[in-house]
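Chains as they are written, first to last, in the numbering used here: chain V, 42 to 279; chain L, 22 to 132. Worksheet: one structure, shown below.
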Amino acid sequence: MQEKFEALKAAFPHTIPVFAGFTFLGAAYGILMNSKGYGVGWTALFSFMVLAGSAQYVAISFLTSIFNPVHALLMTLMVNARHLFYGISMLDRYKNTGRLKPYLIFGLNDETFSLICSVEPPGGIDRNWFMFFITLLNHGYWVFGSVLGGLLGSVISFNVEGLDFVLTALFVVTFVDQWKTQKNHKPAVIGVLCSVICLIIFGQGNFIIPSMITIITVLTIFRKGYADRKELAEEKIQ
Amino acid sequence: MTLTSIQTFIIICMLTLGTVTTRFLPFIIFKNPKLNNSYINYLGQVLPYSTVGFLIVYCLKDVNFRGSTYGIPEAIAIVCIIVLHYWKENALLSIGVGTGVYMILLQIVFK
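In structure tokens, the structure reads:
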């Protein structure tokens with residue numbers, strides 16, 4: 042028990058930016074849902090079960106048009122296809138997480154992913170529980186933010202235009218953090234360039250899958266150089 | 022509400038199914054990763070960096086550079102975030118100020 046509490050205490054400070062982000066983003070989502078006639082109960086259920094911000098935003102359009110569950114499923118698969126990347130990146134980190142593993146995978150959204158890849162638990166803290174609490178706290182924040190928005194939306198109205206930029210800001214900050222801690226900037230640059238090129242070629246509605254394929258392909262091409270340099274670096278250390 | 026309660030619930034289930042599928046698939050495919058599968062290890066090492074780059078582009082996909090604002094609010098806000106984050110290294114501050122600057126630009130300056 043003590044061990045879990047220590048892990049929770051270590052995890053909490055790292056999740057504060059996500060708390061702020063999810064309160065904003067979740068509230069914006071709740072307000073939006075409310076404006077379409079979906080009460081706070083529905084909003085909470087969506088956020089609790091789906092836990093995927095962009096898919097939930099996209100799904101608002103499915104709630105306000107003709108009932109089409111197949112289209113909703115396909116669109117979710119498309120929008121969330123980036124999660125395949127997260128999974129591959131986390132194969133190693135989540136390898137020995139035991140009974141926590143299903144929940145860790147279920148809760149692996151954008152923000153949880155970016156936190157878990159960039160922060161390390163302090164010494165003496167159980168890594169698995171640390172990752173579990175990051176995931177759990179973020180899940181809670183998302184539901185909390187959505188409920189808050191659902192409640193606010195029914196009482197007051199204010200101009201939320203531009204509020205969704207909080208998500209972009211979070212990713213830019215993660216990008217800067219990663220840039221500062223990494224010597225090799227090729228993966229980051231490849232990610233941006235391939236996505237931009239695919240966006241220009243395929244357009245905003247269809248660029249997700251091509252971007253992913255292009256990124257994997259280009260990274261594979263650059264792998265040879267990466268492996269060679271890594272070996273060189275290791276030889277130098279020895 | 023345009024849909025009935027049952028229809029809405031089915032949509033929630035579809036979203037959950039889609040999300041769970043994309044999250045669990047890599048772990049099912051690579052259930053027994055050979056320890057020496059260096060290609061997958063390599064992807065696991067470099068993909069987090071590429072993915073964040075992709076996500077920024079994904080967030081900015083709807084910016085219309087030929088539209089009324091030419092993407093200027095986004096550009097200014099992102100520069101603010103980068104400068105502030107290099108300087109102060111406080112994630113919450115960078116995100117808060119960046120979003121605030123963007124909302125002010127969008128709602129007041131580029132109205």
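Quick reminder that beta carbons are idealized off the backbone N, C-alpha and C, glycines included.
Rounded straight-line distance, which links the Cα of residue j to that of residue i
i: T258/V; j: Y79/V; result: 42 Å
i: L49/V; j: M131/V; result: 21 Å
i: A229/V; j: S26/L; result: 44 Å
i: L127/L; j: E202/V; result: 7 Å
i: K221/V; j: L113/L; result: 17 Å
i: G65/L; j: L125/V; result: 11 Å
i: I256/V; j: C235/V; result: 6 Å
i: H226/V; j: F131/L; result: 34 Å
i: T37/L; j: V67/L; result: 28 Å
i: G181/V; j: K265/V; result: 42 Å
i: P94/L; j: Y123/L; result: 6 Å
i: K45/V; j: I146/V; result: 19 Å
i: K224/V; j: S106/V; result: 48 Å
Close-in-space but distant-in-sequence residues of the same chain around residue i (CB under 6 Å, 5 per side omitted)
i: Q279/V; result: In this predicted model, Q279/V has a pLDDT of only 46, less than 50, meaning its place in the structure is not dependable; the value taken from the coordinates is given anyway. Closer than 6 Å at Cβ, skipping near neighbours: no residue.
i: F154/V; result: Y127
i: G191/V; result: G71, N75, V81, T84
i: F206/V; result: none
Cβ neighbours of residue i in the same chain (closer than 7 Å, five flanking residues each side left out)
i: L204/V; result: F65, A69
i: Q219/V; result: S159, A229
Residues near residue i in its chain [Cβ-Cβ closer than 8 Å; skip 5 each side]
i: E152/V; result: V59, G62, F63, N179, L211
From the options, residue whose alpha carbon lies closest to that of residue i
i: G310/V; options: F53/V, E47/V, S76/V; result: Outside the shown range of chain V (42 to 279) lies residue 310/V, about which nothing can therefore be said.
i: P251/V; options: L64/L, K52/L, N85/L, Y79/L; result: Y79/L
i: M35/L; options: G139/V, N150/V, N109/V; result: N109/V
i: K41/L; options: V91/V, M116/V, D133/V, K265/V; result: Here residue 41/L turns out to be Val, not Lys, going by the sequence shown. Out of V91/V, M116/V, D133/V, K265/V, V91/V has the C-alpha closest to the C-alpha of V41/L.
i: Q97/V; options: S187/V, C235/V, K142/V; result: S187/V
i: I49/L; options: S95/V, I242/V, K136/V, L208/V; result: K136/V
i: I77/L; options: F243/V, G232/V, Q43/V; result: G232/V
i: L86/V; options: Y144/V, L156/V, W183/V, N169/V; result: W183/V
i: V73/L; options: Y144/V, T215/V, I241/V, N121/V; result: T215/V
To test your reading of the DSSP string, which unbroken alpha helix (DSSP H) runs of 4 or more residues are found completely within the segment 71–104 of chain V? If we require 4 residues or more, the alpha helix (DSSP H) runs fully inside the segment 71–104 of chain V come out as 81–90, 94–104.
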